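Asks: The structure is given below, and queries will be raised subsequently.
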Amino acid sequence: MQTTLEVQGMTGEKCEEKVKHALESLNGVTGVEVHVNTGTVDVIYDNVEVTIADMRHAIEAEGYRVVA
């Protein structure tokens, strides 16, 4: 499956790395593309292994806010 999350608080390359690492550490996430300029993150994942709520938690644990 694929989803796009809207993430507030990302400002640069460091933010991109933190969000990408947080998502890639989740079992079931197979692809992550962070777009700091638009504040979005595209995620490819296996919905049997990971949920959008899991992704939201991982991102928010890094200090960002997921709004969609």
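Under this note's numbering, the final residue of the sequence shown carries the number 112; numbering is consecutive throughout.
In this text, a Cβ means the ideal position worked out from N, Cα and C, and glycines have one as well.
Quantities reported herein were computed from a predicted structural model and do not represent experimental measurements.
Could you round the C-beta distance between Val-111 and Gln-46 to whole angstroms and report it? I think they count as a contact, below 8 angstroms.
Replies: Contact flag wrong, Cβ pair sits at about 18 angstroms.
Asks: Do the CB positions of Asp-86 and Thr-48 come within less than 7 angstroms of each other?
Replies: Yes.
Asks: Could you give the distance in angstroms between the alpha-carbon of Val-73 and the alpha-carbon of Asn-81?
Replies: Rounded to whole angstroms, Val-73 to Asn-81 spans 22 angstroms at the Cα level.
Asks: Alpha carbon to alpha carbon, how far is Glu-60 from Leu-67? Give it in angstroms, no decimals.
Replies: So the alpha carbons of these two residues sit roughly 11 angstroms apart.
Asks: Could you spell out the range, first to last residue, of the alpha helix (DSSP H) harbouring Leu-67?
Replies: That run of the alpha helix (DSSP H) goes 57-68.
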